[in-house]
Amino acid sequence: MKLKIGHSARIGIVIFSAIIMIVFFVYILFIVPKISNVNSAKLDDVENRKYHVAIVGQSENESFLQQIFIGAKKISEVYDAVVELYVPESAAENMNLQVLLENASFSNPDGIIAYVGDNEKIEVPVDMTDKSIPLITVGQYHSDITQVSFIGTNYSELGRKIATESNSYLNGNGVLKIINDNASSNTNYSTLMNSLINSLEEYSNITTIISDDELVAGNSVSKEKKDNEAKVNLYVCLTEEDTIKIAQLITEKKLNVGIIGFGENEMLDMYLKKNVITELLSIDSQNIGVTAMSELFEYIKYGYANNYINADVRVKKASNND
Amino acid sequence: MINFSKKSLSIRTRIILSVISAIVAMVACLLVTMRLNQNTMEKIGASYKTNTELTKISTNIAQTEKAMETYVQYHTFESIDSYYHFQSLSEDSVLELQKYPSTDEVLQKEFRVKQIIISFFTFSKNTVIACRANNNADCELWYAKSLKCYSYLQNELLQLSTLFMQKNTEVYNENQKNYDSLMQISFIFIFVFFTLILLVLYFSITSITKPLAEISTVALRVANRDFDVPLFNNNSNNEIGNICRAFDRMIISIREYIDTIWEKAMKETELKEKEMEMSELYADAQLRALQNQINPHFLFNTLNTGAQLAMMEGADKTCYFMEQVADFFRYNIQQKNQTATIDEELSLVDNFVYIMKVRFGERIEFVKNILSGKYSELLPKMTLQPLVENCIKHGLQNMKGIVTLSISKDSYFTIISISDNGCGFPNDVKKQIFAEVENSSSSSKNNSTDLKKENTGTGLVNVISRLRLYFHRNDVFDIKSDGENKGTTFIIRIPNV
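Heads up: the protein sequence lines correspond to chains A and B, in order.
Everything in the first sequence is counted per numbering that gives the first Met the number 0, starting at 0 for the first residue and increasing by one.
Everything in the second sequence is counted per numbering that gives the first Met the number 0, starting at 0 for the first residue and increasing by one.
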């Protein structure tokens, strides 16, 4: 059979062939570098920095340090720095803060932001040349540590803020119960409680109950206590743990009471979204990270920085989730 | 200037170019595909290079640490040599690691590992220096720090190795995916590409061979004597163009040749017809002569007998006269040739004029203006005598008839003119005669017969027709007359051979 195709069709086929060839070679040009340089392609948005900052802490402070890390990382580009978080991933891997600092110092960072707890005594880490590495501490202030700056929570201010928010919720009248389940010798906690109670005393129509025993959830609780529970309009929790426990309790019992909690994590955010928690107060830990970075680099550049800085308190409300 | 247009390329060049283009395209396609394969395999294979290098670094550092431990414990030269050797090896590899802090997780880890290794080298070096200085306190201090650092380094190396492995696996998987898709699409492209090459080749070869097929078709038609074929009018400068132009010229030549042959055949047919006509006229003349043959033969014999008798009786003039008459009739009845020379014709004219002079005496004057010499030019027999007879006839209408016969020659013709002093030749008669001559081809024999009847004997039409047929020229004979009573001149132009 003789194939008969017109001249224009032949030109069309030739042009089509040329286009196919061009597409083929363009495709090759596109795919070859992609195959050979997948690493390079991924490194396009990667950049080298001049400074190296380590955020160090123990595993129990991971979520707090994580927020500091986020805050520090946000501003790291301004200081041409890379920020790293050195926190054991689980309690099983946990170790002494001093060891953690020592390990961090092996990588010779230009600065360290460390969460120092209440009773922890540490030595300032040194680099391989035995030179002290600038240290910014958060958590508990220790005057005996040679630190560049301490960025901490003003617990008195926090107590006053909680009292104000409670009054606002109760409209100046109601029963408020402070969950004091975790009553400890922590000085910060004591400061917070004192400040809160003192502030609440200013509102005469608000009845304050301090729960200093186990949470009122079991069947073994007395009738009197149960009656008191029924009158409570607002629970005030001063730790993350207490806030979660009370939120769970309220959810189980389907009680129509408010919760003003403290802390910042995903579970708390979830309860806040579900309107189980009314308000959530927390330290603006991301801002701590930003402040820590600015203080650290001020020290690196000028050799001095603010010794003591208060962190801001942030309020998230269920109504606007902020 | 070289013209590289398609029309100027020879078939061989075009075929070679087509084949070369196809081969080059296919080879390029295959080479690219092969190179891609090779390149991809190399890159995929290199995915785990970082792990290999890290293992090497890790091994060297472990050897360094081991050597340091041995030296701290035993202070041997071998151990310190070994320490420096492995440390040197390690340092070379470590220098290749990430130099600056990086926003990339893996690179940052690499940077950290590098820093920790550097710290380890510093601590171990301090350990060795302290040991060599027998400074046990410092030695223990740096040794403990070295071990801590090494322990941490091992952990970091492991994490970095894991990160490398994860990243390399990602890269490998991604490369593998790209490679698979590349291969699939390459196969499709190769298939489409080859198909298109075949199509392009097909069209190229078809465009080359198509004119040949047309030439073949036309050649077959020409071979079957069908010359009514279209011309190619191909202006290309390649072989096909040359063949087409040659073929066009050949067809045009054949057509012209056929036309020439056709014209020639027509002319030959015409000539044959004229020859046949001349033969018929001659036969007619002979027939008429034969009709009169009884009398001429009898008269010829009788005249011979009378001439002998006159000679016996001594009547010489009578004898001569009779001999002349006998010669005239002898010439008249000779059937051998249809042509005669001018001299033979003049001789006959002399006989005839003598006879006429005996008959009419002084009333006839015959003048010959002929230069001496031989006139061997041929002309149809019995041409001049009828013309002289005609002139005598018309000349005798006067008191004295003067007939003049002249022969002259120029470069092209021998001109015979026979004139009289008679009453002249009317134009209408002249036209009628020539018209009769023209129509003689249509064989208007009867008409000519009518003229002959009027003119008795061999008529002018017969003479003119025979002259024209013999010489194939219409201007061989002409009649001139200056007017009434001014005589007539017959002119015969015989072309010189």
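Ideal Cβ placement from N, Cα and C applies to all residues, glycine included.
Quantities reported herein were computed from a predicted structural model and do not represent experimental measurements.
DSSP three-state assignment for residue i, whether helix, strand or coil
{"i": "A/C236", "result": "strand"}
{"i": "A/T163", "result": "helix"}
{"i": "B/F320", "result": "helix"}
{"i": "B/V496", "result": "coil"}
{"i": "A/I67", "result": "helix"}
{"i": "B/L377", "result": "strand"}
{"i": "B/F231", "result": "coil"}
{"i": "A/I132", "result": "coil"}
{"i": "B/R13", "result": "helix"}
{"i": "B/D449", "result": "Note on B/D449: pLDDT 48, under 50, position unreliable in the model; the coordinate value appears next. The answer is helix: DSSP assigns B/D449 an H, G or I state."}
{"i": "B/F202", "result": "helix"}
{"i": "B/K479", "result": "strand"}
{"i": "A/V275", "result": "coil"}
{"i": "A/H51", "result": "strand"}
{"i": "B/L96", "result": "coil"}
{"i": "A/G158", "result": "helix"}
{"i": "B/A132", "result": "coil"}
{"i": "B/V170", "result": "helix"}
{"i": "B/G372", "result": "coil"}
{"i": "A/T145", "result": "coil"}
{"i": "A/G365", "result": "The structure shown does not extend to residue 365 of chain A, since chain A is modelled only from 0 to 321, so the question has no answer here."}
{"i": "B/F489", "result": "strand"}
{"i": "B/F226", "result": "coil"}
{"i": "B/E364", "result": "strand"}
{"i": "B/K65", "result": "helix"}
Same chain, Cβ closer than 7 Å to residue i, neighbours up to 5 away in sequence not counted
{"i": "B/Y82", "result": "T63, A66, M67, Y70, V127"}
{"i": "B/L140", "result": "none"}
{"i": "B/L280", "result": "N461, S464, R465"}
{"i": "B/V352", "result": "F365, V387"}
{"i": "A/L100", "result": "V55, I111, A113, I121, P124"}
{"i": "B/E155", "result": "R111, V112, I115"}
{"i": "A/V147", "result": "P133, L134, I135, E294, L295, Y298, A304"}
Closest by C-alpha distance to residue i, when choosing among the options
{"i": "B/L106", "options": "B/I493, B/F433, B/F163, B/T403", "result": "B/F163"}
{"i": "B/F433", "options": "B/S92, B/I22, B/R465", "result": "B/R465"}
{"i": "A/I370", "options": "A/T186, A/N187, A/I208", "result": "In the structure as shown, chain A starts at 0 and stops at 321, and residue 370 of chain A therefore has no counterpart that could be examined."}
{"i": "B/S185", "options": "B/M33, B/D80, B/V352", "result": "B/M33"}
{"i": "A/I245", "options": "A/A80, A/F296, A/I178, A/S89", "result": "A/I178"}
{"i": "A/R48", "options": "B/L96, B/K271, B/D103", "result": "B/D103"}
{"i": "A/A317", "options": "A/G260, A/I282, A/D311", "result": "A/G260"}
{"i": "B/E276", "options": "B/H471, B/T54, B/N300", "result": "B/H471"}
{"i": "B/S17", "options": "B/S206, B/F231, B/Q183", "result": "B/S206"}
{"i": "A/M269", "options": "A/I243, A/T206, A/Y301", "result": "A/I243"}
{"i": "B/R254", "options": "B/V228, B/C243, B/K166", "result": "B/V228"}
{"i": "B/V402", "options": "B/G486, B/T382, B/L347", "result": "B/G486"}
{"i": "B/G499", "options": "B/D225, B/K380, B/T340", "result": "Outside the modelled stretch of chain B, which goes from 0 to 496, sits residue 499 of chain B, for which no answer is possible."}
{"i": "A/D126", "options": "B/S145, B/E77, B/C243", "result": "B/S145"}
Cutoff 9 Å: residue i Cβ touching any chain D Cβ
{"i": "A/H141", "result": "Absence of chain D from the displayed structure is noted, the protein chains being A and B."}
Cut-off 6 Å between Cβ atoms - residues of its own chain near residue i, not counting five sequence neighbours on either side
{"i": "A/I112", "result": "I54, I135, A291"}
{"i": "A/S62", "result": "N264"}
{"i": "B/D326", "result": "N350"}
{"i": "B/M355", "result": "I363, I391"}
{"i": "A/R313", "result": "S281, D283"}
Residue i - partner residues in DSSP beta bridges
{"i": "A/I150", "result": "A/V137, A/I308"}
{"i": "B/S407", "result": "B/I414"}
{"i": "B/A339", "result": "B/L378"}
{"i": "A/A80", "result": "A/Y50"}
{"i": "A/Y114", "result": "A/V137"}
{"i": "A/T206", "result": "A/V174"}
Same chain only: Cβ atoms within 8 Å of residue i, ignoring 5 sequence neighbours per side
{"i": "A/V256", "result": "V231, N232, L233, Y234, I249"}
{"i": "B/V436", "result": "V460, I463, S464, R467"}
{"i": "B/G400", "result": "F359, R362, I363, E364, C390, I391, H393, G394, D419, N420, G421"}
{"i": "B/N495", "result": "E376, K408, S410, Y411, F412, T413"}
Flag this pair as touching only if the region 475-491 of chain B and the region 417-432 of chain B have three or more C-beta atom pairs under 8 Å; answer yes or no.
yes
Would you be able to state if there are at least three C-beta pairs under 8 Å between the region 105-125 of chain A and the region 275-285 of chain A?
no
Cβ contact (3+ pairs, closer than 8 Å) linking the region 208-216 of chain B and the region 42-62 of chain B:
no
Using a Cβ distance threshold of 8 Å, determine whether the region 63-72 of chain A contacts the region 279-286 of chain A, with at least three qualifying pairs required.
The region 63-72 of chain A, when compared against the region 279-286 of chain A, does touch it at the 8 Å Cβ threshold.
Do three or more CB pairs link the region 137-154 of chain B to the region 111-127 of chain B at distances below 8 Å?
Taking 8 Å as the limit for Cβ pairs, the verdict is that the region 111-127 of chain B does touch the region 137-154 of chain B.
Is it a yes or a no for the region 136-146 of chain A touching the region 72-87 of chain A, going by three-plus beta-carbon pairs under 8 Å?
Between the region 136-146 of chain A and the region 72-87 of chain A, the count of Cβ pairs shorter than 8 Å is below three; the stretches do not touch.
Pairs of beta-carbons, one from the region 13-22 of chain A and one from the region 72-89 of chain B, closer than 8 Å: are there three or more?
no
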